[in-house]
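Everything on this sheet refers to the single structure shown next.
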Amino acid sequence: MDDVDRKILAELQQDGRLTVTELAGRVRLSVSPCHRRLRELERSGAISGYRAVVDPAAVGLTF
């Protein structure tokens, strides 16, 4: 894992809904190498999944 991979992870932690095109622009790569790195991060387990973070109050689940 290099600095570019770390930048990819940091960007996805901030906004996991980025498209590959948006992500590539933010980490200053073209789309193809960015997509390749993203797939490798997923394959290696560095990215284990993508999740929605739900606000319980927003969906009426207050206690």
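Just so you know, we're using numbering that gives the first Met the number 0 here: the sequence shown kicks off at 0 and counts up by one.
We put the beta carbon where it would ideally sit given N, CA and C, even for glycine.
Taking all protein chains shown into account, decide if residue i is buried (16 or more other Cβ within 10 angstroms of its Cβ) or exposed.
i, result
"residue 52", "exposed"
Might you give, ordered along the chain, the residues of its own chain that have their beta carbon closer than 8 Å to the beta carbon of residue i, omitting 5 neighbours on each side?
i, result
"residue 28", "3 and 36"
"residue 20", "30"
Could you pull out every residue in the same chain whose Cβ sits closer than 7 Å to the Cβ of residue i, ignoring the five residues on either side in sequence?
i, result
"residue 23", "29, 30 and 33"
Considering residue i, what are the terminal residues of the alpha helix (DSSP H) in which it resides?
i, result
"residue 2", "2-13"
"residue 63", "Outside the shown range of the chain, which is 0 to 62, sits residue 63, and nothing can be said about it."
"residue 25", "19-26"
Are the CB atoms of residue i and residue j nearer to each other than 9 Å?
i, j, result
"residue 10", "residue 26", "yes"
"residue 45", "residue 8", "yes"
"residue 15", "residue 42", "no"
Kindly indicate if chain C contains any beta-carbon less than 9 Å away from that of residue i.
i, result
"residue 39", "Looking at the structure shown, chain C is missing, and only one protein chain is on hand."
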